[in-house]
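For the sequence shown, my numbering puts the final residue at 320, and the numbers step up evenly by one.
We put the beta carbon where it would ideally sit given N, CA and C, even for glycine.
Values in this document were obtained by computation on a predicted structure and should not be read as measured data.
See structure below.
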Amino acid sequence: MFADLHMHTTFSDGTFSPEEMAQAAQRHQLACVALTDHDTMAGCARMGAECARLGIEFVQATELTCEVDDVEVHLLGYFINPSNPRFLSSLVEFQKARQNRIHEMAACLQRKGVPLQAAAVFAIAQCESPGRPHVARALVQAGLCKTMDEAFERYLKKHRPAWVPKFKISADQAIELIHHAGGVAVIAHPALNKSDDIIPLLVEAGVDGIECFHTRHSTAASQHYLMMAEQYDLAISGGSDCHGMNKGKPLMGGIKLPVIHVRQLEARARRRREKTSTAA
Ligand code: AMP
Ligand code: FE
Ligand code: FE
Ligand code: ZN
Numbered sequence: 041m042f043a044d045l046h047m048h049t050t051f052s053d054g055t056f057s058p059e060e061m062a063q064a065a066q067r068h069q070l071a072c073v074a075l076t077d078h079d080t081m082a083g084c085a086r087m088g089a090e091c092a093r094l095g096i097e098f099v100q101a102t103e104l105t106c107e108v109d110d111v112e113v114h115l116l117g118y119f120i121n122p123s124n125p126r127f128l129s130s131l132v133e134f135q136k137a138r139q140n141r142i143h144e145m146a147a148c149l150q151r152k153g154v155p156l157q158a159a160a161v162f163a164i165a166q167c168e169s170p171g172r173p174h175v176a177r178a179l180v181q182a183g184l185c186k187t188m189d190e191a192f193e194r195y196l197k198k199h200r201p202a203w204v205p206k207f208k209i210s211a212d213q214a215i216e217l218i219h220h221a222g223g224v225a226v227i228a229h230p231a232l233n234k235s236d237d238i239i240p241l242l243v244e245a246g247v248d249g250i251e252c253f254h255t256r257h258s259t260a261a262s263q264h265y266l267m268m269a270e271q272y273d274l275a276i277s278g279g280s281d282c283h284g285m286n287k288g289k290p291l292m293g294g295i296k297l298p299v300i301h302v303r304q305l306e307a308r309a310r311r312r313r314e315k316t317s318t319a320a
C-alpha cells in the first residue's frame with residue numbers, strides 16, 4: 041500500500057489532465073495520491089472523482105512558493121478545505137501575481153528581440169496558474185527555441201534575460217493560511233532549496249511535516265531528512281513531483297511512500313482542527 045503525495049496537472053504546469061494523472065496512478069498501483077498544483081486546487085474535484093472511480097484514495101492539496109530570510113521554500117498543504125474563503129481568495133491573489141509575471145517575462149523577451157507575446161503563453165497554459173514551463177513551451181512552439189531546456193538555459197533560468205522573480209509570501213503566513221483552511225503544511229523537496237538552516241524557523245512557525253522522499257533526493261538526502269523529521273517531530277512525506285511530460289518523462293512510480301505516513305499526516309490535520317475548534 042503506497043502513496044505519491046506530490047504531482048502537477050494541466051491546472052498548473054503539468055501536462056496530464058487530472059483524469060490522466062489518476063489513471064497513471066492506477067497503472068503504478070498506487071493506493072493514494074495527492075494533487076499539489078501550484079497555487080490552485082481547481083483540479084482537485086476532477087482528480088478526486090476519477091480516483092473515486094478507480095478506487096484510489098485522493099488527498100486535496102496545493103504547493104505554495106514561500107520565503108524565509110530570502111531563502112525560497114515550497115510548502116505543500118494537505119487536507120485543505122478547498123472552499124475555505126480566505127484560502128481561496130489568497131490563491132486568486134497568487135494566481136494574479138503569476139499572470140502578471142508572464143506579462144513581465146514576455147516584455148523582457150521582446151526587449152531582447154525575441155518576439156513572444158504573453159497571449160501566446162496564456163493560450164498554451166489555459167490555466168489560472170501559468171509559470172515558466174508554459175513560457176518555455178510557447179518559445180518552442182513559436183520556433184524561437186528548439187527545446188524547453190534551451191528556453192530555460194537561454195532565457196528563463198535565474199539571472200537570465202527573461203527571469204522575473206516570483207511573488208512569494210512568507211513561510212509563516214503560508215503555514216498560518218494552510219492551518220486556517222484545516223490543512224497541514226509540509227516542507228517540499230528540502231534538498232533542492234538549500235533550506236536546512238531555516239528548518240528550525242519553520243518548525244517554530246508550526247510546520248507539520250517534511251518531504252523526505254522526492255525524485256531528486258539522493259538516498260543520503262532522504263536519510264538526512266528522515267533524521268531531521270525525527271529530531272523535530274515532523275511527519276514524513278514523499279512524492280514524485282510528476283509534471284507529466286514536462287520534465288522529459290512522467291516521474292510517477294518513482295516514489296512509493298508507505299500509506300502509514302498519509303495516516304499520520306491526516307491525524308495531525310485532525311488534531312490541528314480539534315485544537316482550533318476548542319479554541320474558537
Ligand atoms: P515557476 O514556478 O514559474 O518559477 O517555474 C518553476 C517550474 O519550472 C518547476 O516546475 C520546475 O520544475 C520547472 N523547470 C525548471 N527548469 C526546467 C527545465 N530546464 N525544463 C523544464 N522545466 C523546468
Ligand atoms: Fe512545477
Ligand atoms: Fe516545488
Ligand atoms: Zn511541485
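Assuming Val161 and Ala178 are in contact, meaning their beta carbons sit under 8 Å apart, how far apart are those beta carbons, in whole angstroms? The sequence position of residue 161 within the sequence shown is 121, counting from 1. The sequence position of residue 178 within the sequence shown is 138, counting from 1. Right, the Cβ-Cβ distance comes to about 5 Å (below 8 Å), so this counts as a contact.
I need the boundaries of the alpha helix (DSSP H) containing Ser130, first residue and last residue. What you label residue 130 is simply residue 90 of the sequence shown in a count that begins at 1. Start and end: Pro125 to Arg151.
Indicate, with yes or no, if ligand 4 has a heavy atom lying under 7 Å from the CB of Glu314. What you label residue 314 is simply residue 274 of the sequence shown in a count that begins at 1. No, Cβ of Glu314 sits at least 7 Å from all heavy atoms of ligand 4.
Does the Cβ-Cβ distance between Thr321 and Ala92 come in under 8 Å? In the structure displayed, the chain extends from 41 to 320; residue 321 sits before or after that span and is not available.
Could you check which residue in Met145, Lys296, Leu116 and Cys167 has the C-alpha nearest to that of Leu305? What you label residue 305 is simply residue 265 of the sequence shown in a count that begins at 1. Nearest C-alpha to Leu305: Leu116.
So, with DSSP's three-state summary, where would you put Ser210? On the sequence shown, residue 210 is found 170 positions in, with the first residue counted as 1. Correct three-state label for Ser210: strand.
Can you list, in chain order, the residues of its chain with a C-beta nearer than 7 Å to that of Arg86? Leave out the 5 residues immediately preceding and following it. Position 46 of the sequence shown, counted from the start, is the residue given in the question as residue 86. If we look at Arg86 and ignore the five residues flanking it on each side, its Cβ neighbours are Pro58 and Glu59.
Neighbourhood of Leu166 by C-beta distance below 8 Å, restricted to the same chain and skipping five residues each side: For the purposes of this step, residue 166 is taken as residue 126 along the sequence shown, with counting starting at 1. In the sequence as presented, Leu is not what sits at residue 166; that position holds Gln. Cβ neighbours of Gln166 beyond the five flanking positions: Thr50.
Should Met268 and Ile239 be called a contact, given that it needs their Cβ atoms to be closer than 8 Å? If you number the sequence shown from 1, residue 268 lands on position 228. If you number the sequence shown from 1, residue 239 lands on position 199. The answer is yes: Cβ separation under 8 Å.
Return no unless some Cβ of chain C is closer than 8 Å to the Cβ of Ser57. The chain labelled as chain C is not found in the depicted structure, where only one protein chain is given.
Going by DSSP in three states, Ala65 sits in which element: helix, strand or coil? For the purposes of this step, residue 65 is identified with residue 25 of the sequence shown, where counting begins at 1. In the structure shown, Ala65 sits in a helix (DSSP, three-state: H, G or I).
Closest residue to Pro125 among Leu217, Pro173 and Leu242 (Cα-Cα distance): Reading the sequence shown from its first residue, position 85 is the one you call residue 125. Nearest C-alpha to Pro125: Leu217.
Residues near Phe253 by beta carbon distance below 7 Å, same chain, minus five either side: The residue given as residue 253 occupies position 213 in the sequence shown. If we look at Phe253 and ignore the five residues flanking it on each side, its Cβ neighbours are Ser262, Gly278, Ile295 and Leu297.
Can you give, in chain order, each stretch of the beta strand (DSSP E) that sits fully within the segment 252–312 and has at least 3 residues? 275–279
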